[in-house]
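Peer 1: This is the structure I have questions about; it appears just below.
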Amino acid sequence: MIRPATNFETQMDGEDRAAIVYRVHQRLLQEVDLSSLEKRSPEEARVAIEASVRSIVADVAGVADMAGLYGDAKEAVIKAVVDEAVGFGPIQPLVDDPTISEVMVNAPGEVYFERDGVIHAAEARFNDEAHILRIVERIIAPLGRRVDESSPYVDARLPDGSRVNVMIPPLIPRSPTITIRKFRPERHTIEDLVQNETFSQEAVEFIGARIEQRKNIVISGGTGTGKTTVLNALSAFIPEAERIITIEDPIELKLQQRHVVAMEARPANIEGRNAVSQRELVRNALRMRPDRIIVGEVRGQEAFDMMQAMNTGHEGSMTTVHANSARDALSRIENMVLMAGLDLPIRAIREQMASALHLLVHLSRSRDGRRTVTSISETAGLEDETVVLRELFKLDAAGRLAPVVDGTPR
1 MIRPATNFET QMDGEDRAAI VYRVHQRLLQ EVDLSSLEKR SPEEARVAIE
51 ASVRSIVADV AGVADMAGLY GDAKEAVIKA VVDEAVGFGP IQPLVDDPTI
101 SEVMVNAPGE VYFERDGVIH AAEARFNDEA HILRIVERII APLGRRVDES
151 SPYVDARLPD GSRVNVMIPP LIPRSPTITI RKFRPERHTI EDLVQNETFS
201 QEAVEFIGAR IEQRKNIVIS GGTGTGKTTV LNALSAFIPE AERIITIEDP
251 IELKLQQRHV VAMEARPANI EGRNAVSQRE LVRNALRMRP DRIIVGEVRG
301 QEAFDMMQAM NTGHEGSMTT VHANSARDAL SRIENMVLMA GLDLPIRAIR
351 EQMASALHLL VHLSRSRDGR RTVTSISETA GLEDETVVLR ELFKLDAAGR
401 LAPVVDGTPR
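Per the working numbering: the sequence shown = residues 1 to 410.
Quick look at the structure:
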């Protein structure tokens, strides 16, 4: 005899499941002191909680509205309760999914994720704003950070390397928000980038030769265009014998060379002290006998020190910058140098830029999520106090990155 599906099974992702998860979780809180698990490793804590949850579920299985709780439905509830107790709650499955690159919580009923460069609405839901704040506390407490009215936002790195940003009211009046940019342990090689058409083979051979010739390179693009991925892949052209110093906030690069010293900027502590900026790290890197300095992303005053390094014996250095075009990248770097508070004339700054920045690689992301290098340009001195950019590669009519001859890709 085929038993008809229960209401629970037919609406496993709806209100019934949420209600059952809530009931089991409440009983777990009554029977287990979760604070006693703080001294255990995350894996040990999860195993202990799962055993308690299974015991509770077995005990309530005979209750009328829980009679359909078995098989996959039962396992789904157990996982949801464990995630609620020691994980990231409703968004834990999204965090665990290796195909998802970003998780965004805008409000209790508005959760989104990014996969292959495209944003999708998620089925995950929080009960209310207090529920979001509980998960926020679980995320940032192990990092020694806090979020409250005096510090209404946090930007931090999770133990696995993922980046997390949290903002709470009144900065965002409607609801606390969580944005997690997940760390991807797998790294794209330059061959991968050619295969997925981010680069053309001809462009790779050109830029690889320039890296070996110790040309300084800036990789520009908007958010999520793959700047760090490209920087990481191109670093494979750096000779193994060279000493490389990387400076990031937070650490994302995973270079293939052995002689690499990775440095990470540090935010201020709860008292607002002991911050270490990227500029301080760039200055310190100059005393560490680097052959090349790689700044994961230049954001502020360190732009001046980075260019000084490029112009004083550390050729072959690389960095990334947020910009909408190669020309905009130069403008942004110029503005960052001005932020350093140095009383330098604009012409002097642009002369340094023209001398220090040899190649600019620009990336864009199309509406379908595809990330592509759209141009490779070189600086060619100053003309009427303007840095001259000469485009060497750009997309042709077929969308292929091709060398430019007489202003036209060939």
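Backbone N, C-alpha and C fix where the C-beta goes; we use that ideal spot for every residue, glycine too.
No experiment lies behind these values; they were computed from the predicted model shown.
Please list the terminal residues of the continuous beta strand (DSSP E) segment that includes residue 403.
Peer 2: Start and end: 401-405.
Peer 1: Expressed to the nearest angstrom, what Euclidean distance is found between the alpha-carbon atoms of residue 24 and residue 43?
Peer 2: Looking at the two C-alpha atoms, the distance is approximately 21 angstroms.
Peer 1: Could you spell out the range, first to last residue, of the beta strand (DSSP E) harbouring residue 120?
Peer 2: Counting along the chain, the beta strand (DSSP E) containing residue 120 begins and ends at 118-121.
Peer 1: Between residue 64 and residue 57, what straight-line distance do the alpha-carbon atoms span, to the nearest angstrom?
Peer 2: Here residue 64 scores only 46 on pLDDT, less than 50, and its place in the model should not be relied on; the value that follows carries that caveat. If I take the Cα positions, the gap works out to 13 angstroms.
Peer 1: Here's the rule I'm using: 16 or more other beta-carbon atoms within 10 Å means buried, otherwise exposed. How should residue 377 be labelled?
Peer 2: Buried is the call here.
Peer 1: What are the start and end residues of each continuous beta strand (DSSP E) run of 3 or more residues lying completely inside the stretch 147-173, in chain order?
Peer 2: Those beta strand (DSSP E) runs which fall completely within the stretch 147-173 and span 3+ residues are 153-157 and 163-167.
Peer 1: Report the three-state DSSP secondary structure of residue 262 (helix, strand or coil).
Peer 2: In the structure shown, residue 262 sits in a strand (DSSP, three-state: E or B).
Peer 1: Excluding the 5 residues flanking residue 241 on each side, which residues of the same chain have their C-beta closer than 7 angstroms to its C-beta?
Peer 2: Contacts found: none.
Peer 1: Between the alpha carbons of residue 147 and residue 165, how many angstroms are there, rounded?
Peer 2: Each residue's alpha carbon lies about 11 angstroms from the other.
Peer 1: Contact defined as beta carbons within less than 8 angstroms: I believe residue 21 pairs with residue 199. What is the distance between those atoms, to the nearest angstrom?
Peer 2: Going by Cβ atoms, the distance from residue 21 to residue 199 rounds to 46 angstroms, so no, they are not a contact pair.
Peer 1: Name the DSSP bridge partner or partners of residue 198?
Peer 2: DSSP output for residue 198 lists no bridge partner at all.
Peer 1: Assign residue 64 to one of three DSSP states: helix, strand, or coil.
Peer 2: Its pLDDT being 46, under 50, residue 64 is placed unreliably by the model, and nothing is read from it.
Peer 1: Do residue 219 and residue 230 come within 8 angstroms of each other at the CB atom, strictly closer than that value?
Peer 2: Yes, the pair counts as a contact, with Cβ atoms nearer than the cut-off.
Peer 1: For residue 404, which residues from the same chain have a beta carbon less than 8 angstroms from its beta carbon, with the 5 sequence-adjacent residues on both sides left out?
Peer 2: 391, 392, 393, 394 and 410, listed in sequence order.
Peer 1: Closest by CA to residue 362, which one among 333, 380, 330 and 326?
Peer 2: Of 333, 380, 330 and 326, the residue nearest in Cα terms is 326.
Peer 1: Let me check you understand the geometry: is the CB of residue 374 closer than 7 angstroms to at least one non-hydrogen atom of the ligand FAD?
Peer 2: Only the bare structure without any ligand can be found here, which leaves the ligand FAD out of the picture.
Peer 1: Where are the beta strand (DSSP E) runs, 3 residues long or more, that stay fully inside the stretch 100-142, in chain order?
Peer 2: Complete beta strand (DSSP E) runs here, min 3: 100-107, 110-115 and 118-121.
Peer 1: Hey, residue 264 and residue 280 are a contact pair by Cβ (cut 8 angstroms); roughly how many whole angstroms apart?
Peer 2: Their Cβ separation, rounded to whole angstroms, is 12 angstroms, which puts residue 264 and residue 280 out of contact at 8 angstroms.
Peer 1: Can you find the residues in the same chain that come closer than 8 angstroms, C-beta to C-beta, to residue 54, ignoring five residues on each side of it along the sequence?
Peer 2: 78.
Peer 1: Can you list, in chain order, the residues of its chain with a C-beta nearer than 6 angstroms to that of residue 18? Leave out the 5 residues immediately preceding and following it.
Peer 2: Same-chain partners within the cutoff: there are none.
Peer 1: Following the continuous alpha helix (DSSP H) through residue 252, name the residue where it begins and the one where it ends.
Peer 2: Per DSSP, residue 252 belongs to no alpha helix (DSSP H) and is neither H nor E.
Peer 1: Rounded to a whole number of angstroms, what is the C-alpha to C-alpha distance between residue 225 and residue 59?
Peer 2: Residue 225 and residue 59: Cα-Cα distance of roughly 50 angstroms.
Peer 1: On the DSSP letters alone, give me the boundaries of the alpha helix (DSSP H) that residue 71 sits inside.
Peer 2: Its alpha helix (DSSP H) spans residues 71-86.
Peer 1: Using a Cβ-Cβ cut-off of 7 angstroms (strictly less than) and excluding sequence neighbours within five positions of residue 324, which residues of its own chain qualify?
Peer 2: The answer, listed in chain order, is 222.
Peer 1: On the three-pair Cβ rule with 8 angstroms, is the stretch 332-345 touching the stretch 292-301?
Peer 2: These segments touch.
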